[in-house]
Amino acid sequence: MPTKIDYDAKIPNNVDLSGDRRLQRALEGWQPKFLDWWGEMGPTLRTQGVYLRTAVSVGRDGWAHFDHVNVPDYRWGIFLAERDPDRVITFGEHQGEPVWQQVPGEYRADLQRLIVIQGDTEPASVEQQKLLGLTAPSLYDLRNLFQVNVEEGRHLWAMVYLLHAYFGREGRDEAESLLLRNSGSPDAPRILGAFNEETADWLAFYMFTYFTDRDGKYQLGTLKESGFDPLSRTCEFMLKEEAHHMFVGTTGVDRVVTRSAELIREHDTFDIAGHGGIPLDLIQRYLNFHYTVSLDLFGSETSTNAANYYTAGLKGRWQETRRKDDHKLTDAAGSLARPRADGTWETEELQAILLLNLDLREEYRADCQTGVNRWNKILDEAGIDFRFVLPHPGFNREVGINSGHHVTPDGTVVDERTWLAGKRKWLPTPEDLTFVRSLMHPVYERGKIASWVAPPRQGINGKPFDYEYVYLS
Amino acid sequence: MTRTTTVTFERHPGGYRHWKLSTDGDVAWLELDVDADGGLVPGYELKLNSYDLGVDIELYDATQRLRFEHPEVRVVIVTSAKDNVFCAGANIRMLASSSHEWKVNFCKFTNETRNAMEDATAHSGQLYVAAVNGTCAGGGYEIALACEKILLVDDNSSTVALPEVPLLGVLPGTGGLTRVVDKRGVRRDLADVFATRPDGIKGRTAVDWRLVDELVPRQGFREAVLARAKELARTSERLDGEGIELAPLAHRYVDVVLGAAEATITVKGPQDDKGWLLDVTRELDDAILRLRTNEPALGTWVLRTEGDPAKVLEHERAVFDAKDCLSNEIVHYWKRTLKRLDVTSRSLIALVEPGSCFAGLLLELALAADRQYILDGPPIDDEDSEERASITLSEANFGRFPMGNGLSRLESRFFGDPDHVTRLADECGKPLRPAEVNDLGLVTDAPDDLDWEDEIRIALEGRASLSPDALTGMEANHRFVGPETLESKIFGRLAAWQNWIFTRPNASGAEGTLRRYGTGQKAVFDRKRV
Numbered sequence: 001m002p003t004k005i006d007y008d009a010k011i012p013n014n015v016d017l018s019g020d021r022r023l024q025r026a027l028e029g030w031q032p033k034f035l036d037w038w039g040e041m042g043p044t045l046r047t048q049g050v051y052l053r054t055a056v057s058v059g060r061d062g063w064a065h066f067d068h069v070n071v072p073d074y075r076w077g078i079f080l081a082e083r084d085p086d087r088v089i090t091f092g093e094h095q096g097e098p099v100w101q102q103v104p105g106e107y108r109a110d111l112q113r114l115i116v117i118q119g120d121t122e123p124a125s126v127e128q129q130k131l132l133g134l135t136a137p138s139l140y141d142l143r144n145l146f147q148v149n150v151e152e153g154r155h156l157w158a159m160v161y162l163l164h165a166y167f168g169r170e171g172r173d174e175a176e177s178l179l180l181r182n183s184g185s186p187d188a189p190r191i192l193g194a195f196n197e198e199t200a201d202w203l204a205f206y207m208f209t210y211f212t213d214r215d216g217k218y219q220l221g222t223l224k225e226s227g228f229d230p231l232s233r234t235c236e237f238m239l240k241e242e243a244h245h246m247f248v249g250t251t252g253v254d255r256v257v258t259r260s261a262e263l264i265r266e267h268d269t270f271d272i273a274g275h276g277g278i279p280l281d282l283i284q285r286y287l288n289f290h291y292t293v294s295l296d297l298f299g300s301e302t303s304t305n306a307a308n309y310y311t312a313g314l315k316g317r318w319q320e321t322r323r324k325d326d327h328k329l330t331d332a333a334g335s336l337a338r339p340r341a342d343g344t345w346e347t348e349e350l351q352a353i354l355l356l357n358l359d360l361r362e363e364y365r366a367d368c369q370t371g372v373n374r375w376n377k378i379l380d381e382a383g384i385d386f387r388f389v390l391p392h393p394g395f396n397r398e399v400g401i402n403s404g405h406h407v408t409p410d411g412t413v414v415d416e417r418t419w420l421a422g423k424r425k426w427l428p429t430p431e432d433l434t435f436v437r438s439l440m441h442p443v444y445e446r447g448k449i450a451s452w453v454a455p456p457r458q459g460i461n462g463k464p465f466d467y468e469y470v471y472l473s
Numbered sequence: 001m002t003r004t005t006t007v008t009f010e011r012h013p014g015g016y017r018h019w020k021l022s023t024d025g026d027v028a029w030l031e032l033d034v035d036a037d038g039g040l041v042p043g044y045e046l047k048l049n050s051y052d053l054g055v056d057i058e059l060y061d062a063t064q065r066l067r068f069e070h071p072e073v074r075v076v077i078v079t080s081a082k083d084n085v086f087c088a089g090a091n092i093r094m095l096a097s098s099s100h101e102w103k104v105n106f107c108k109f110t111n112e113t114r115n116a117m118e119d120a121t122a123h124s125g126q127l128y129v130a131a132v133n134g135t136c137a138g139g140g141y142e143i144a145l146a147c148e149k150i151l152l153v154d155d156n157s158s159t160v161a162l163p164e165v166p167l168l169g170v171l172p173g174t175g176g177l178t179r180v181v182d183k184r185g186v187r188r189d190l191a192d193v194f195a196t197r198p199d200g201i202k203g204r205t206a207v208d209w210r211l212v213d214e215l216v217p218r219q220g221f222r223e224a225v226l227a228r229a230k231e232l233a234r235t236s237e238r239l240d241g242e243g244i245e246l247a248p249l250a251h252r253y254v255d256v257v258l259g260a261a262e263a264t265i266t267v268k269g270p271q272d273d274k275g276w277l278l279d280v281t282r283e284l285d286d287a288i289l290r291l292r293t294n295e296p297a298l299g300t301w302v303l304r305t306e307g308d309p310a311k312v313l314e315h316e317r318a319v320f321d322a323k324d325c326l327s328n329e330i331v332h333y334w335k336r337t338l339k340r341l342d343v344t345s346r347s348l349i350a351l352v353e354p355g356s357c358f359a360g361l362l363l364e365l366a367l368a369a370d371r372q373y374i375l376d377g378p379p380i381d382d383e384d385s386e387e388r389a390s391i392t393l394s395e396a397n398f399g400r401f402p403m404g405n406g407l408s409r410l411e412s413r414f415f416g417d418p419d420h421v422t423r424l425a426d427e428c429g430k431p432l433r434p435a436e437v438n439d440l441g442l443v444t445d446a447p448d449d450l451d452w453e454d455e456i457r458i459a460l461e462g463r464a465s466l467s468p469d470a471l472t473g474m475e476a477n478h479r480f481v482g483p484e485t486l487e488s489k490i491f492g493r494l495a496a497w498q499n500w501i502f503t504r505p506n507a508s509g510a511e512g513t514l515r516r517y518g519t520g521q522k523a524v525f526d527r528k529r530v
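Heads up: the protein sequence lines correspond to chains A and B, in order.
Residue numbers 1 to 473, in UniProt numbering, belong to the letters of the first sequence in order.
Residue numbers 1 to 530, in UniProt numbering, belong to the letters of the second sequence in order.
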């Protein structure tokens, strides 16, 4: 007799794992592979315990539990937001019908694809951030890195749960493939470009968690509207955790800017590289890069796929229910600015339903702007005459109508020569990367922090900054 | 056409409205005498021995009874009981007022019946002879073409004709175009002339062009025809044996359950009932015909079986070994019924579950399907059961029941790997377990008991969401790999062109040929060639 495994103790969940033979069987096959993947592709730095938040339920209070955890023993769980028995589909041709508790056969392939693409991003960032623990600027930051990593791992579990529970053998195969593709791998790269970019340093990590994880927030937000209820509920709960990743990004860039401002004031120069700080124009170049590769994640501005997903009720708009329209969009129009070869922009009228990716991207752009405002406020308060700006959405794009055009950060369409001449001013140069990397020395001492970043205003879960967030050796 | 009546396919000679069936020793007379007021649905008159589905259902019944009930009959004379007209073909008003799917289904059934006449000639030693005693046009000539010999009355006025193209702007779609060149070997330029003139060809020219075989004087026509038939009967190789009466269907072995988007057909295997194969074939044949005609919106048929595979094989063995007239007829009837499945424009999904009996000739049902799923695990409602699904190959799967393309279903399935079929022959008689079945490529997938219901549900729902037209076209293309035969050309090429023409405004538009026929007005064509 095989020993009976206590699933609920090993894997916190609210999906009745102990009563679901099919899910158990799937996880029995997958979990060891996940742990192998984590061992091989997860954080390189070995620790003796990290002060981590573990999701243990979905209730309003006390959904998470904080404690020092040996990272490989982290209890990755499966949680869906509470089910609303009256929930109906709020958009598309099934508007008003009860949400689906099973995958409709008609949409199996589309739903599976959406889940696989979302799922593929989750482990990718763990892989991208694999080496960062070796150069953490403080134990507090190191802890945050691990928190982000384990939660991306849990988000992978969440998508794998959907594949296992609802997509049969094909779902199990896809779940396994999520572990076989790897960020930056020449043979089997991750599906989306931004997730094959290296996260080489901590400034990139903050930018990534600010800009790229924020794309995740918006994608999850559209999937939360899905007519496929298990997907909707899964994404709703993931959004809760995603908020912390945004927080790491926002405050991370805050603290870099704060420190740079201090050094500029102290030495009365913008050229603070020699004083162990990161110059503001370099931060702007990082921002330009991470923002624009994240814009690529929204896909092409016009998309019949997105329109089909919308009509089918698979993927809605950001805050769909708050929109004041017919939620079908068959008659609505929208406009799209397109760069022309002669250097001008033309505006095209299109059916709104074809512009859903653009719609989401615009929501995202407005959200990104709030961060930029926040960082500018720090500079303003320090009396420094420098302002960060979000570049034009046509700048540095590989996907959509702007790819193949050269657009400067201020939205001027230029020729290739002008572009190449300006590129060094706009995007991180090899020298920038080398310089930032030169600052990346680990600071593992309690209460200490690296030279290029300010300490946080508050610690985690009410603990002070000098709390021993991570036990090393 | 709005159809409120449900079409049934059971007929008895005593109740025929349109045909007279009589036998004279080894010769049978099958005389067409259409009751003009006896249309299957109201709205048209069946003048000049023109026919509709109801007329053809009786013809089908007659061909079946001749094979099963009349082992003594070696020649069947098809003629008309009316003076000066043999048959004017399919009724045009019926066609003009029919929905597209009705027209297509009608043509499919008439094609199958014509093929069955040829099958009787080829495999039952029942030679069909057309005694064309008057005008013979369109579908009427196509009935004659399905016969082995065509005798034309030599009255200097009766013609054979395929006037569809010039008169109706559609094709002679019941095999006419194909049989003229492929079966009768008419020269293509003469066939072109023939098929574009509305008045047809008579007398000597018809013989010279190979459109008919012989001329028979008007005086003493019947006597001469009978004499010729008696002569031909001596060449027949009909097997000896007892006939069997085709009693009304008992509906014991085939269950049909109608769902929202699919029909589930469950075929039950034999216990120790000697008449099982004939009965199950008749019931399945009837179920296919009724579903096709009456349930056009049920786009997927789920094929299941229930019973003991060993008993299926035992029964099959007995039928194969008997080598008499009746068992020969039963085998060929099962063959024709499987062919009906092959040309059915429905998605066919076979489910092989514990308790099923997909063995030998019943396995052909699964092989006729577009996909096969076998449950790799205990029965869904009894997870402690030791019972498992299996498939058993037999001689029946290796050429006894060829498809329209002349290949067995296994040869068609493994068209890219003929050696595999040879290897499979070694597996005959062994119940193959799901994993083996899957490895041998005999099923599409073998989900286990945890996945089964969801996989099947999703497969069926997914199917139901696709374009029915595209599915029909796709399935027909996948089902018939490899060589072309007269049959595959008729169901593939000829029928596909005809069905396309039927939907074109030039035929079915308000000013199209079918609508304008008989109004005195000319059709208006869109002149662009497609």
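Even glycine gets a Cβ: it sits at the ideal position worked out from N, Cα and C.
Keep in mind that this is a model prediction, so the values were computed, not measured.
- Interface flag for glutamate 97 of chain A against chain B is unset, since no Cβ pair is found closer than 8 Å.
- Excluding its 5 nearest sequence neighbours in each direction, threonine 258 of chain A has C-beta neighbours in its own chain below 7 Å: Ile378, Ala454, listed in chain order.
- Contact check for isoleucine 115 of chain A and leucine 162 of chain A: beta-carbon distance about 5 Å, within the 8 Å limit, so the pair qualifies.
- Taking C-alpha positions only, arginine 65 of chain B is separated from asparagine 294 of chain B by approximately 24 Å.
- Proximity to glycine 175 of chain B across B:Asp192, B:Pro354, B:Arg346, B:Gly138 peaks at B:Gly138, based on C-alpha coordinates.
- When DSSP states are grouped into helix, strand and coil, proline 72 of chain A belongs to the helix group.
- Cβ proximity to chain B below 7 Å picks out Val103, Pro104, Gly105, Glu106, Arg108 from the segment 102-131 of chain A.
- Neighbourhood of glycine 227 of chain A in chain B, by CB distance below 8 Å: empty, with the nearest CB roughly 14 Å away.
- For tyrosine 51 of chain A, the pairing in a beta bridge is given by DSSP as A:His68.
- Residue contact check for arginine 317 of chain A against chain B: no CB pair falls below 8 Å.
- Residue state for alanine 28 of chain B is assigned as strand, using DSSP reduced to three classes.
- If you check the CB distance, serine 385 of chain B and glycine 399 of chain B do not come in under 8 Å.
- Residue burial annotation: tyrosine 471 of chain A is exposed, with fewer than 16 other C-beta atoms found within 10 angstroms of its C-beta.
- Short of 6 Å from the beta carbon of glutamate 174 of chain A, and not among the five residues preceding or following it, lie these beta carbons of its own chain, in chain order: Val116, Leu163.
- It is roughly 11 Å from the alpha-carbon of arginine 365 of chain A to the alpha-carbon of phenylalanine 298 of chain A.
- Check the Cα spacing between serine 390 of chain B and each of B:Ala435, B:Arg413, B:Pro418: the tightest is with B:Ala435.
- In this structure the segment 200-218 of chain A lies against the segment 236-252 of chain A, because at least three pairs of beta carbons, one per stretch, are closer than 8 Å.
- Within the same chain, and ignoring the five residues on either side of leucine 249 of chain B in sequence, the residues whose Cβ sits closer than 7 Å to its Cβ are Glu10, Arg282, Glu283, Asp286.
- For glycine 276 of chain A, the closest Cβ of chain B is not nearer than 8 Å.
- Interface residue (Cβ-Cβ distance to chain A less than 8 Å): alanine 88 of chain B is not classified as such.
- Here isoleucine 349 of chain B is not near threonine 305 of chain B, since their CB atoms are 8 Å or more apart.
- The beta carbons of glycine 39 of chain A and asparagine 70 of chain A sit no closer together than 8 Å.
- Taking 8 Å as the threshold, the shortest C-beta distance from leucine 291 of chain B to chain A does not fall below it.
- From the beta-carbon of glycine 168 of chain A, the residues of chain B found nearer than 8 Å are Pro447, Asp451, Asp454, Glu455, Ile458.
- If you check each beta-carbon in the segment 15-26 of chain A against every beta-carbon of chain B, the ones closer than 7 Å belong to Arg21, Arg22, Arg25.
- Within chain A, the residues Pro104, Gly105, Glu106 have their CB atoms less than 7 Å from the CB of glutamate 461 of chain B, given in chain order.
- For lysine 315 of chain A, the secondary structure class from DSSP, reduced to helix, strand or coil, is coil.
- Counting only runs that start and end inside the segment 2-40 of chain A, there is no beta strand (DSSP E) element of at least 3 residues.
- Using a Cβ-Cβ distance cut-off of 8 Å, the segment 260-272 of chain B and the segment 321-338 of chain B are not in contact, since fewer than three pairs of beta carbons, one from each stretch, lie closer than that value.
- If you draw a straight line from the Cα of histidine 478 of chain B to the Cα of glutamate 461 of chain B, it is about 21 Å long.
- What serine 467 of chain B touches in chain A, judged by beta-carbon distance under 7 Å, is nothing: the nearest beta carbon there is about 12 Å away.
- Excluding residues up to 5 positions away in sequence, Thr300, Ser347 lie with their Cβ nearer than 6 Å to the Cβ of arginine 463 of chain B in the same chain.
- Straight-line spacing of the CA atoms in lysine 528 of chain B and threonine 519 of chain B works out to 25 Å.
- Between leucine 139 of chain A and glutamate 468 of chain A, the gap from beta carbon to beta carbon is short of 8 Å.
- A contact is defined here as three or more CB-CB pairs under 8 Å, and the segment 300-307 of chain A meets this definition with respect to the segment 340-356 of chain A.
- With a cut-off of 8 Å on Cβ pairs, the segment 361-368 of chain B is in contact with the segment 334-347 of chain B, counting three or more such pairs.
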